[in-house]
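So in UniProt numbering, spot 118 of the sequence shown is number 118, and the numbers just go up one at a time.
The structure appears right after this line, and notes come after that.
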Amino acid sequence: MKKLLFTALLTSLVIGCKEKAKGVEEKASNAMAKTEMEVPQNEWKVLFNGKTFDGWHEYRKEGVSEQWKIEDGAMVFYPPKERNGESYNLVSDNEYTDFVLSIEWRIAEAGNSGIFWGVKELPELGQPYETGPEIQVLDNDKHPDGKNGTSHQAGALYDMVSPSEDVTKAIGEWNLCEITINHKTNMGIVVLNEVEVVNFPVNNPEWGEMVSKSKFADWEHFAKYTTGKIGVQDHGDVVAYRNIKIKEL
Numbered sequence: 001m002k003k004l005l006f007t008a009l010l011t012s013l014v015i016g017c018k019e020k021a022k023g024v025e026e027k028a029s030n031a032m033a034k035t036e037m038e039v040p041q042n043e044w045k046v047l048f049n050g051k052t053f054d055g056w057h058e059y060r061k062e063g064v065s066e067q068w069k070i071e072d073g074a075m076v077f078y079p080p081k082e083r084n085g086e087s088y089n090l091v092s093d094n095e096y097t098d099f100v101l102s103i104e105w106r107i108a109e110a111g112n113s114g115i116f117w118g119v120k121e122l123p124e125l126g127q128p129y130e131t132g133p134e135i136q137v138l139d140n141d142k143h144p145d146g147k148n149g150t151s152h153q154a155g156a157l158y159d160m161v162s163p164s165e166d167v168t169k170a171i172g173e174w175n176l177c178e179i180t181i182n183h184k185t186n187m188g189i190v191v192l193n194e195v196e197v198v199n200f201p202v203n204n205p206e207w208g209e210m211v212s213k214s215k216f217a218d219w220e221h222f223a224k225y226t227t228g229k230i231g232v233q234d235h236g237d238v239v240a241y242r243n244i245k246i247k248e249l
């Protein structure tokens with residue numbers, strides 16, 4: 001009798017352990033499935049590693065000239081004393097269509113620069129702004145463009161959409177800019193220093209209407225390409241960019 005009771009007890013313990021183990025496995029499996037669902041399909045990709053100019057070149061040139069330096073993990077532009085008709089805009093090697101671009105910028109006093117997307121290196125063109133729309137980088141207080149209307153101020157979709165407010169940091173400090181371009185949702189967004197300051201449609205006919213009311217209305221190639229390169233501008237002033245990364249949508 002005692003033997004039968006012991007056998008029954010042992011069997012019960014074995015079954016209980018198996019059920020407990022099964023329950024643990026199911027929970028782990030469910031947790032893993034949930035985690036996999038929560039992990040974004042598209043991850044951030046570093047566009048500038050802070051050490052080399054790999055992935056970048058000057059517009060319609062090979063490589064990067066000495067006007068651009070790498071200092072403390074940032075790419076820094078120093079304008080030449082003599083131009084000789086040369087420009088030194090940087091563009092990415094790769095092209096992008098729908099994305100979120102995260103980039104930090106720091107402008108010199110009274111300085112001007114910009115961030116482009118949709119840039120094409122066409123042989124008949126000399127500047128990235130002839131194809132690529134621009135998010136303005138500016139010293140709002142001391143550069144003359146800051147007085148040419150709010151659509152020319154920092155964070156603006158240049159000459160088309162003004163920022164809702166001026167949230168720029170003091171000169172010498174870094175500004176964090178996040179630019180979203182999504183043709184699937186017909187939405188462009190600029191977040192500057194964690195404040196959404198600009199939003200706009202990116203598809204026609206709304207986009208075309210905005211362009212028609214800007215200085216770019218009669219530019220043959222401006223904003224005609226949904227897929228293009230990312231660029232940063234040589235506007236003749238010292239400017240620095242760092243922590244550049246992109247997430248394709």
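C-beta atoms are modelled at their ideal positions from N, C-alpha and C, and glycine is treated no differently.
_Ile70 versus Gly50: straight-line alpha-carbon distance, rounded_ = 7 Å
*What is the DSSP secondary structure of Glu206, counted as helix, strand or coil?*
helix
_Thr150 - DSSP class collapsed to helix/strand/coil_ = helix
*Go ahead and label Tyr241 buried or exposed: buried means 16 or more other beta carbons lie within 10 angstroms of its beta carbon, across all protein chains shown.*
buried
*Helix, strand or coil at Val190 [DSSP, three-state]*: If DSSP states are grouped into helix, strand and coil, Val190 belongs with the strands.
*What are the partner residues of Asn112, as DSSP defines its beta bridges?*
Leu138
*Count the other CB atoms, across all protein chains shown, that sit within 10 Å of the CB of Glu82; report buried if there are 16 or more and exposed otherwise.*
exposed
*Contact the segment 230-249 vs the segment 99-114: 3+ CB pairs below 8 Å*: yes
_Residues in the same chain with beta-carbon distance under 6 Å from Ser162, minus the five sequence neighbours each way, listed in chain order, please._
Taken in chain order, the residues that qualify are Thr150, Ser151, Ala156.
*Buried or exposed (CB count within 10 angstroms, at least 16 for buried), Trp105*: buried
*Does DSSP put Val64 in a helix, in a strand, or in coil?*
coil
*Looking at Ala108 and Lys142, is the spacing between their C-beta atoms short of 7 Å?*
no
*Opposite residue 324 in the DSSP bridges: which residues?*
This structure leaves residue 324 out entirely; the chain is present only between 1 and 249.
*Between Thr97 and Thr226, is the Cβ-Cβ spacing less than 7 Å?*
yes
*In whole angstroms, what separates the C-alpha of Met187 from that of Glu196?*
When rounded, the distance between both Cα atoms is 13 Å.
*Is the distance from the Cβ of Pro123 to the Cβ of Gly231 below 7 Å?*
no
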